[in-house]
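Note that our numbering has the sequence shown beginning at 983, numbered continuously upward. Glycine residues also receive a C-beta, built at the ideal position from the N, C-alpha and C atoms. See structure below.
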Amino acid sequence: CYIRALEFTGSPFRNADGSLTDAQKRGEKIFNDPKVGCSECHPGESSDLKALYSDAQTHDVGTGRVGVKGFRSTPGKVYNLKALEAGEDPYGEESDTPIIGLDLVKEFDTPTLRDIYASGTYFHDGSARTLVDTINNSVNEKDAHGRTSHLSAQELDDLVEFMKAL
983 CYIRALEFTG SPFRNADGSL TDAQKRGEKI FNDPKVGCSE CHPGESSDLK
1033 ALYSDAQTHD VGTGRVGVKG FRSTPGKVYN LKALEAGEDP YGEESDTPII
1083 GLDLVKEFDT PTLRDIYASG TYFHDGSART LVDTINNSVN EKDAHGRTSH
1133 LSAQELDDLV EFMKAL
């Protein structure tokens, strides 16, 4: 498995002794809460620095479908691969025209969450520009990627703080 070969640096967002901050501890509880579901696809223990936080499975998290000419990242918006290759902003092109082949691929590999603070954009289509976007309803429509719509703003912040600690 490719991700087992990766080496991780350790998060600079933890306390100096490597322990979790209070916000990160609260976020870890939310992460592991079955009502939220993060750990169903991203299992791991924060005390295990080699935990991958990936089940190495594929899942449909509702974040767009691969199309022949690009990705549909949100209803009415097209992620344009040619614009990205040209160094232009690939988002924002409005279209009501269906993209050919949207349903070619529905499931994608669960990535590791280790060192996620140092990467981005997120999801296979880049539709989540920040970690907050991965869990809020701007990208996570209908709770397809974790059940987070019931969380308060503080709980979402704590969850992001925990993810940054991985």
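Quickly, what does DSSP pair residue i with across the bridge? List them, please.
i: ALA1038; result: ALA1038 is not bridged to any residue.
i: PHE1090; result: HIS1041
i: GLY1110; result: Note on residue identity: the sequence assigns Ala, not Gly, to residue 1110. Looking at the DSSP assignment, ALA1110 forms a beta bridge with TYR1104.
Between which two residues does the alpha helix (DSSP H) harbouring residue i extend?
i: GLU1116; result: Per the sequence shown, residue 1116 should be read as Thr rather than Glu. Residues 1113-1117.
i: ARG1008; result: 1004-1014
i: LYS1032; result: First-last for LYS1032: undefined, no H or E at that position.
i: GLU989; result: From DSSP, GLU989 is part of no alpha helix (DSSP H); its letter is neither H nor E.
i: SER1021; result: 1020-1023
For residue i and residue j, I'd like the C-alpha separation in whole angstroms.
i: GLU1022; j: PRO1016; result: 8 Å
i: PHE990; j: THR1094; result: 10 Å
i: LYS1051; j: TYR1099; result: In this prediction, LYS1051 has a pLDDT of 42, which is less than 50 and means its spatial position is unreliable; what the coordinates show is noted afterwards. When rounded, the distance between both Cα atoms is 30 Å.
i: PHE1105; j: GLU1143; result: 19 Å
i: ASP1042; j: GLY1000; result: 34 Å
Looking at residue i and the ligand SAH, is the gap between the Cβ and the nearest heavy atom below 8 Å?
i: SER1120; result: Although the ligand SAH was asked about, the structure shown includes no ligands whatsoever.
So, under 8 Å CB-CB, residue i and residue j are touching, yes? Tell me the CB distance rounded to an integer number of Å.
i: ASN1118; j: THR1103; result: About 15 Å separates the two Cβ atoms, so there is no contact after all.
Contact between the region 991-1001 and the region 1121-1130: three or more CB pairs below 8 Å?
no
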